[in-house]
Amino acid sequence: MSTFVASLFLPYTVDFHDEPEAPKRPNPQRMHSRAASATDMKALANTAASLFNGPPVPQTPAEEKQDDFFSQLQNDPRIKPGDPRSLARTEAAPPEWGAAAQFLNQPKSTAGPLPSGSILDYVKSEKKDPELLAKYTAQRKRRPTTGTSRRGSNERNFARKTWTVEPAVQGNGGLINAIRAHDAIRSEEDFQKIWVGTLGFPTDALVDNKKEEISDKLANEYDAVTVFPSDRDIDGHYAHYCKTILWPVFHYQIPDHPKSKAYEDHSWEFYRNVNQNFADKIIANYKRGDVIWVHDYHLLLVPGMIRKKLPDAQIGFFLHAAFPSSEVFRCLSTRKELLEGMLGANLVAFQTKEYAHHFLQTCSRLLTVEATPEGVQLEERFVNVSHEPIGVDPEGMAKAREEPEVQEWIKVIQERYKGKHLIVARDKLDNVRGVRQKLLAFELFLNKYPEWRQKVVLLQVATSTTENSELLATVSDINTRIDSVHSTLAHQPLVFLKQDISFSQYVALLTVADVMMITSLREGMNLTAHEFVLCQDGASTEKKFGPLILSEFTGSASVFGGSEISVNPWDYQHCAEAIKLALEMSPEEKERRYKKLSDVVHKQTGDYWATRLNEALTKASKEQFSRDAMSIPRLSVTSLAQKYKEAERRVFILDYEGTLATYGTDKDVVLTSPQRVLDTLNELLSDKKNIVYVMSGRTPEELQRLFRQVPNLGIIAENGCFLREWGASDDEWTAFADVEASAAWKKDVKSIFQYYAERVEGSWIEERHCSLVFHYEKAVDPEAARAQAGDCANHINDSCQSYRVQAIPTSRAVTVESLDWSKGSAATRIFEKLRHDNVEGKGRTPPDFLLVAGNDREDETIFQWANELSEKGKVSNVTTVSVGKRNTQAMTTITQGTTGLISALQKLSNYSYDAPEGSGGRRPSVLLTTGS
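The letter at position 682 of the sequence shown is residue 682 when you use UniProt numbering, and the numbering goes up by one with no holes.
This is the structure:
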């Protein structure tokens, strides 16, 4: 059995090499260019790179001195997986997709220009205005095509090159480290991974046989399946839809800039194409029993695409990024498609409980489905939802810290900042990481606490993959202002590096830092904070137990549980005070906080994360398979009758509406019951050994009128809130719920219902003793009604939690009822009474036969309760039956509907009349009938 690990980028890429050529007579006019030294070429490369990076940040002489210090960037040598230096960067800042990597020889993108933001680009698909269409065609003809005109020469060029597999620059470093750590600990029988992803560079320039060579080598030697999307698809997918739409929205940055392409539909097509490429590749390599894990927001559609072709596959999806609230997610024009794609998985997992809660809310609100704390109930199946924070690899980081390069950099940095308190930060320079907010807070700190101006240095490493001119200008202004006010010839409090540093320098900085400061405005999980904790154990330097200043909006803040110094990055005053608190913290307090942080980091490791997710997926898949309508056997009446005859005391639990009888009209106050149902119940009750209960969501008054022709019938009304015992008089009811207390929440909920009823024509509100129902099955606009119903349920579940009620949206109505009472709780009460009668010696033996039948979600609590009785051996013969074909916890099903169940019950009742005379040993049966 293999486990597919699908992520946009593989942990490996390819570097191409020119074949050595025979010596040729040099051309005098070009000798100087070929004779250029490696140093000259590197300088040329740096110059070329600067052309795309814009003007540098204005610097004072002091800043230039600091930059000279860090200009000794040493690039880690090429290493193979397994070497400690191959630990992937958890917060890597790779080059923009399609740009040539700095140290790798790879093809350039041949995608050409994507559709622009012009309204004219929509004319081609709409074709409504001939004049606009003509103008659009003329503009397209004038566009340059140099990006694709040289494709043939590029293909021939790379067809002749040799190549080697190298560690990838791009990719999810946290995921790579976690899987490698898990793989190193587990045996091949327990975990045999297969990576699925792209090479991280444009591949259109590669000929088919070259792609096949690369694919075969990665599959055979690196356990990797390579996906080759077109350059145009991957460019539109990654650079446009993922980075300009999904990434900002998932991090609460709704793209509302006039030039934003967030609401153009062309990038959605590219996103869907790439997801389909991944799904097709996984399906082609899948074998029965394999496990499929899909990772992150780049591949949201893949689970649903695979599910359509492989309905029985074990599919897990993990979102590494944050998941926004439903109010933000609903801004996406393709919101429904994205949610349905994610729900193709058996298990959808998130970094924190907050993100999982947002997802459940969003599904309930936008898809109008029932969302429970355990997951989402779809029409045909159940999808589990959980949360499990990813961690780092402590052993891998320990080996990396022992490298000579790291030890050397530790000495250099310690000498350079001797006598200073060093605050370290490393972030991507984008609108999500909070670099601007951090600098403003640090500026306020220096202004407010002048005694620290000459003692502290903030070293901010700001990596960037794409240029954000507005943010860069703002950060540059803050940098210049701090420098001009607080810098001296001997000291500079802020060192701002708009460049990345080598991994050895990164580890050294984490080791020598006095404080780590992270002010992300929103982030799924910041693993830099975890790595900082690992490096602060004092094993390499005298400095240890450095405080961690961490934004409350990162997933890591919920994991550390207050041992960090939590800050709101928008509250500059609070952040400035947090800096002072960290710098002045006593050694005892530092050690106390550090021990708690260290315990979390060493427990919540990458291997632990992978293990927990695999266990959760296995459990969810087994439970869902047992509930799958296709796997549930049909009820065998013959087998059931044999158990019935052998039983000494029998119990039946049956649903009424939709189970014993078809649904009536919801507005009918007095329900009508088919005479055949009443006759069947009377036949069962005519045997003195039988006890019959009817369960329904209806009020006691309605059910009492409905079953007035069935003497001795026990009734459970309003889904467990009221009980009339078997054999009791008509008006002898027991109320489990506090009706007066219910009136308090009903008043608030009813006002919410009225708000939505005014906006849904054709809807109406039904009030019961302990529940409220908002009906919209006869709405004039069903689509709009479903959207309002989802919004209504979401609103009530958020605002009425203190009342212990839940709003359950269905395709017909929204029902609000208590969390404390259900059909299951009522059935438990009945069985407790039966056992009590046996203990008191009333001549009644415990039940040894139980039949439960139902047809909708309200009956699932009964099914679960009955199944537990069977598993614990409290009842020897238990049968649970679902009427109709659906996803359920019932052990059997009847596909003939209410007619099939009534026929089965009549056959059983006939055995009472066929019993031989004198067989009085037959004990009374108990029949509980349930109904909505």
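Glycine included, every Cβ here is placed at the ideal spot set by N, Cα and C.
Query                                                                                                                                                                                : Result
Helix, strand or coil: how does DSSP classify Y656 here?                                                                                                                             : coil
From E354 to G174, what distance separates their C-alpha atoms?                                                                                                                      : 20 angstroms
In chain order, which continuous runs of the alpha helix (DSSP H) of length 4 or greater are located wholly inside the segment 206-292?                                              : 208-222, 231-234, 247-250, 266-285
Quick one: residues in its chain with C-beta nearer than 6 angstroms to the C-beta of S267, no 5 flanking neighbours on either side, listed in chain order?                          : G236, H240, Y241
What residue from A582, A610, S563, W570 has the CA that sits closest to residue 940's CA?                                                                                           : The structure shown does not extend to residue 940, since the chain is modelled only from 1 to 932, so the question has no answer here.
Determine the extent of the beta strand (DSSP E) in which P809 is found, giving its start and end residues.                                                                          : 805-809
Secondary structure at S696, three-state DSSP: helix, strand or coil?                                                                                                                : coil
On a Cα-Cα basis, can you pick out the residue from V302, P303, A313 that is closest to Y286?                                                                                        : A313
How big is the Cα-Cα spacing for Y209 and D216?                                                                                                                                      : Note on identity: in this sequence residue 209 is Asn, with Tyr being the wrong assignment. About 10 angstroms.
Between Q889 and the rest of its own chain, which residues show a CB-CB distance below 8 angstroms, the 5 nearest in sequence each way excluded?                                     : S626, R627, E860, F863, Q864, N867, T880
Is the segment 697-705 close to the segment 714-724, with three or more CB pairs under 8 angstroms?                                                                                  : yes
Does the beta-carbon of Q170 have 16 or more other beta-carbons within 10 angstroms, so that it is buried, or is it exposed?                                                         : buried
In three-state DSSP terms, what is R143?                                                                                                                                             : Since pLDDT at R143 reaches only 47, below the 50 mark, its modelled position is unreliable, and the value read off the structure follows with that caveat. In the structure shown, R143 sits in coil (DSSP, three-state: anything other than H, G, I, E or B).
Go ahead and pull the three-state DSSP assignment for W745.                                                                                                                          : helix
In terms of alpha-carbon separation, which member of G341, S903, M695, A400 lies closest to L534?                                                                                    : A400
Is it true that the CB of H358 sits closer than 9 angstroms to the CB of S325?                                                                                                       : yes
Let me check one thing: in DSSP terms, what residues is Y12 bridge-paired to?                                                                                                        : P167
With a CB to CB cut of under 8 angstroms and the five nearest residues on each side skipped, what residues in its chain are close to Y449?                                           : A576, K580
By the three-class DSSP mapping on this structure, what secondary structure does G197 have?                                                                                          : strand
Comparing C-alpha positions only, which one of R650, A513, T519, F382 sits nearest to P547?                                                                                          : A513
Counting C-beta neighbours from all protein chains within 10 Å, is the total for S7 16 or more, i.e. buried, or is it exposed?                                                       : buried
Give me, in chain order, the residues of the same chain whose beta-carbon lies closer than 7 angstroms to that of S566; leave out the 5 immediate sequence neighbours on both sides. : L550, E552, A557
Could you tell me if D500 is buried or exposed, where buried requires 16 or more neighbouring beta carbons within 10 angstroms of its beta carbon?                                   : buried
Would you decide whether M1 is buried or exposed? Buried here means 16 or more other CB atoms lie within 10 Å of its CB.                                                             : exposed
Around the Cβ of E388, are there at least 16 other Cβ atoms within 10 angstroms (buried) or fewer (exposed)?                                                                         : buried
Excluding the 5 residues preceding and the 5 following L338 in the sequence, name in chain order all residues of the same chain whose CB lies nearer than 6 angstroms to its CB.     : L300
Let me make sure I understand the geometry here. Which of V302, L908, R365 has the alpha-carbon closest to that of E646?                                                             : L908
Going by other Cβ atoms of all chains shown within 10 Å of its Cβ, with 16 needed for buried, is residue 1019 buried or exposed?                                                     : Look at the range of the chain in this structure, 1 to 932, and you will see that residue 1019 is not part of it.
So G762 and A779 are in contact, right, with Cβ under 8 angstroms, and what is the actual spacing, rounded?                                                                          : 4 angstroms
Mapping DSSP to helix, strand and coil, what is E648?                                                                                                                                : coil
Out of E783, L332, A508, E858, which has the shortest C-alpha to C-alpha gap to T362?                                                                                                : L332
Along the chain, where does the beta strand (DSSP E) that runs through T372 open and close?                                                                                          : 370-372
Smallest Cα separation from H421: which of K428, I413, D427?                                                                                                                         : I413
At which residue ranges does the segment 428-501 contain complete alpha helix (DSSP H) runs of 4 or more residues, listed in the order of the chain?                                 : 435-448, 469-486
Look at the alpha carbon of Y12 and the alpha carbon of I176, and state the distance between them as a whole number of angstroms.                                                    : 10 angstroms
Output the distance between the C-alpha atoms of T541 and G555, rounded to the nearest integer angstrom.                                                                             : 29 angstroms
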